[in-house]
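S.K.: Have a look at this one.
Protein chains in written order, with our numbering: chain H, 1 to 110; chain B, 1 to 114.
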């Protein structure tokens, strides 16, 4: 069974870079790792996904080591509007079940 | 606009009264799923569907039923709701079943069972 672990919460100041790591042992070898952002009472919103090494889009970067036992979401120069809960999502190997991480509550301070 | 539409957004019901939460997507996605979200427990998968007439249990299926008679619709049925099913429910869809490409989520249904 896939198991995921994330820090419960993090605080940061505006303009700083924030890195959130998800540990996920025993995940499917050929599936993407996906990250989501969620605001209160809203559905999770896709941020970025990757398979290995590094992926970058207009809002974030995702670093995945070769062993794929973890992934790190990097948010450059956060603003107050980035205050949200961030989740990783991985597949339970051999199934089509997708498991969310425990979630990290990011608070950005002025 | 490409989206996943859930209805209703809010629902208060009584124990034992059957209810259905509807979910519809307009993106021709193969894979659809239901999650429930509870404080301290995160998002947990209830059921999923790989395609029409193909459904399977997630991690917390007890007390729920689903059906996938058409590709676009994936209703969640609570035959006899109980207070422990009070939760925030999300429907989600993904383009391909065989190669997960990330979810599009609905706006959520907040269910209260009294």
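Note that CB positions come from ideal geometry on N, CA and C, so glycine has one too.
Does DSSP classify residue 41 of chain H as helix, strand or coil?
M.R.: Coil, per DSSP.
S.K.: Whose CA, out of B:45, B:13, B:108, lies closest to the CA of residue 79 of chain B?
M.R.: Checked all of B:45, B:13, B:108; the closest Cα to residue 79 of chain B is B:13.
S.K.: Would you say residue 58 of chain H faces chain B, with C-beta separation under 8 Å as the test?
M.R.: No, no contact with chain B.
S.K.: One question on the structure: do residue 78 of chain H and residue 108 of chain H come within less than 8 Å of each other, judged by their Cβ atoms?
M.R.: In contact: residue 78 of chain H and residue 108 of chain H (Cβ atoms closer than 8 Å).
S.K.: From this set, B:74, B:63, B:86, which residue's C-alpha is nearest residue 31 of chain B's C-alpha?
M.R.: When only C-alpha atoms are compared, the closest one is B:74.
S.K.: Using alpha carbons as the reference points, say which of B:41, B:67, B:95 lies closest to residue 59 of chain B.
M.R.: Of the listed residues, the one whose Cα sits closest to residue 59 of chain B is B:41.
S.K.: With a threshold of 16 other CB atoms inside 10 Å of the CB of residue 62 of chain B, please say whether the residue is buried or exposed.
M.R.: Label assigned to residue 62 of chain B: exposed.
S.K.: Say whether chain H places a C-beta atom closer than 8 Å to the C-beta of residue 121 of chain B.
M.R.: Missing from the structure shown is residue 121 of chain B; chain B here goes from 1 to 114 and no further.
S.K.: What residue does the beta strand (DSSP E) around residue 93 of chain B start on, and which one ends it?
M.R.: 87–94 is the span of the beta strand (DSSP E), which, as asked, contains residue 93 of chain B.
S.K.: Any idea which residues DSSP pairs residue 51 of chain B with across the strands?
M.R.: DSSP lists B:54 as partners of residue 51 of chain B.
S.K.: For chain B, is any of its Cβ atoms less than 8 Å away from the one on residue 100 of chain H?
M.R.: It does: the Cβ of residue 100 of chain H has a partner Cβ on chain B nearer than 8 Å.
S.K.: Among the residues of its own chain, which have a CB less than 6 Å from the CB of residue 9 of chain H, if the five just before and after it don't count?
M.R.: Cβ within range, chain order: 105.
S.K.: Just mark residue 70 of chain B as buried or exposed, buried being the case when its beta carbon has 16 or more other beta carbons within 10 Å.
M.R.: Classification for residue 70 of chain B: exposed.
S.K.: Taking only beta-carbon atoms, is residue 59 of chain B less than 8 Å away from chain H?
M.R.: Closer than 8 Å to some Cβ of chain H, the Cβ of residue 59 of chain B qualifies, so yes.
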